[in-house]
Structures are given as C-alpha cells and as structure tokens.
Amino acid sequence: MYAQKTFIRTPLGKGAEVRRLIAQKYLPAVRQHPGFFAAYLLEQTDDPDRCELLQLWDRQSSLENFHKTGFLEASLQGIAVDVPGCMVQSQGYMIHHIVMAEADATVNA
C-alpha cells in the first residue's frame, strides 16, 4: 500500500471553504480512480485554517496515474485556483505494516 499525506494551510478564515472543496470537488474525482482505497480529511482542532488529507492507495503508481489524468480535480493544487493563497504540500509513504483493532488483523502490505 501507499499513502500520500498532504498538509494544507488556508488563508485566514478560508478553512471551511477549502474543506468543502476537497469533499465536494477533489474526493469525488479521486474515489473513481483505480487503486484508490480511502481518504481521511483531518481538521486541526486548534487551527481551523489548517488541515491534512491522508489518502491510501494500493500502490504508488496508481496515485501517479491519477495525477497524469490532467484534470484540475486530479490535483490538490487545483484548490489554490479556487482559493488563492492556499498552501499545499504533499509527502508520499510506502506502507509496510497495517495493524487493525481485532487480534490477528495484522497485514504486511
């Protein structure tokens, strides 16, 4: 599995608007792409103008193929077009182990 973690800092007072755009514009495009597993939009509790988006994919190449579609919705940078001044920084991670709540639910990815 592969994870992409994206840190998002919005202009003052624009956090709710950016989270709405991610939920209504970006995530619907992502969820239709082969290899997509899940996404979590995390709102920072002490700063509503910061959030993180964690995406899980079957492999890194699936995410890269999604970005190659050329659609603005395929890029979190596209959010900055709708909300000028929004700062977006992504990092990718290989997932090697997944441990779930149930006893015997450890998976080597």
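For the sequence shown, the positions run 85 to 193 when this note's numbering is used. Heads up, the beta-carbon is just placed ideally off N, CA and C, and yes, glycines get one too.
Assigned exposure category for residue i - 16 Cβ within 10 Å defines buried
i	result
I182	exposed
Q161	exposed
Which listed residue (the options) has its alpha carbon closest to that of residue i
i	options	result
V102	Y177, G169, A185 and P118	G169
G154	A113, G99 and A87	A113
H151	E136, S174, D133 and I179	S174
R134	R93, Y86 and S159	R93
A122	K98, D142, I106 and G97	D142
M171	L137, Y86, M178 and M184	L137
Cβ of residue i within 7 Å of any chain C Cβ
i	result
L140	No chain C is present in this structure, which holds just one protein chain.
First through last residue of the alpha helix (DSSP H) which encompasses residue i
i	result
E148	Q144 to H151
G99	G99 to L105
Q161	Q161 to D166
Identity of the residues DSSP links to residue i by a beta bridge
i	result
C135	I92 and E127
Query raised in the report: Contact between the segment 143 to 155 and the segment 105 to 124: three or more CB pairs below 8 Å?
Result: In short, these stretches touch, since the Cβ pair count reaches three.
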